[in-house]
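Okay, so here's the structure we're looking at.
In the numbering used here, the protein residues as written are 38 to 181.
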């Protein structure tokens, strides 16, 4: 596995997802400050919560490169977005209940569907950018 590729693609994908999440209120979606949510849950400073968010994004990129990218025959963007559904489901089935928000954010009341859709959008954007940036350039005989 190419560690530099995993770092680069994980950082870019996490940055894209984070930008979308921070802009969510401007699009009529609920605020989704995942770094603050992680910090509150783990009782750590907010900066460390955001650092955890980035580390999770890079870790998921490693998983994508090791276990997913070469197992699916599809365009890179499609592979990435399909992969993005995995952390979305993990967030909704494991992380949100651990944070007291219930399965599929059921404790969010009237904001539940907006929160689910925001999370899905964020994870699909993460997967899209990951899929597009995690492709290794193939060197052809003519280039060597």
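All C-beta atoms, glycine included, are put in the ideal place defined by N, C-alpha and C.
Given residue 95 as reference, the closest of 164, 47, 150, 156 once Cα atoms are compared:
47
Contact check, residue 79 vs residue 69 under 8 Å by CB: the rounded distance?
Contact flag wrong, Cβ pair sits at about 17 Å.
Start and end residues, alpha helix (DSSP H) containing residue 119
113-127
Inspect the beta-carbon positions of residue 156 and residue 128 and report whether they are closer than 7 Å.
yes
Checking 7 Å against the spacing of the C-beta atoms, do residue 31 and residue 164 come in under that value?
Given a span of 38 to 181 for the chain in the structure shown, any question on residue 31 remains unanswerable.
Specify the secondary structure class of residue 89 as computed by DSSP and reduced to three states.
Secondary structure at residue 89: helix, using DSSP grouped into helix, strand and coil.
Residue range of the unbroken alpha helix (DSSP H) whose run includes residue 73:
71-79
What is the DSSP secondary structure of residue 144, reduced to helix, strand or coil?
Of the three classes helix, strand and coil, the one that applies to residue 144 here is helix, per DSSP.
Cβ of residue 43 within 7 Å of Cβ of residue 88?
no
With DSSP collapsed to three states, give me the class of residue 53.
The answer is helix: DSSP assigns residue 53 an H, G or I state.
Taking DSSP as the reference, what is the three-state secondary structure of residue 104?
Of the three classes helix, strand and coil, the one that applies to residue 104 here is helix, per DSSP.
Cβ distance (whole Å) where residue 74 is taken to contact residue 136 below 8 Å:
Contact check for residue 74 and residue 136: beta-carbon distance about 6 Å, within the 8 Å limit, so the pair qualifies.
7 Å Cβ shell around residue 101 - same chain, five flanking residues per side excluded
120, 167, 171
Under 8 Å by Cβ, that's how I've got residue 148 and residue 67 pegged, so tell me the actual separation to the nearest angstrom.
5 Å
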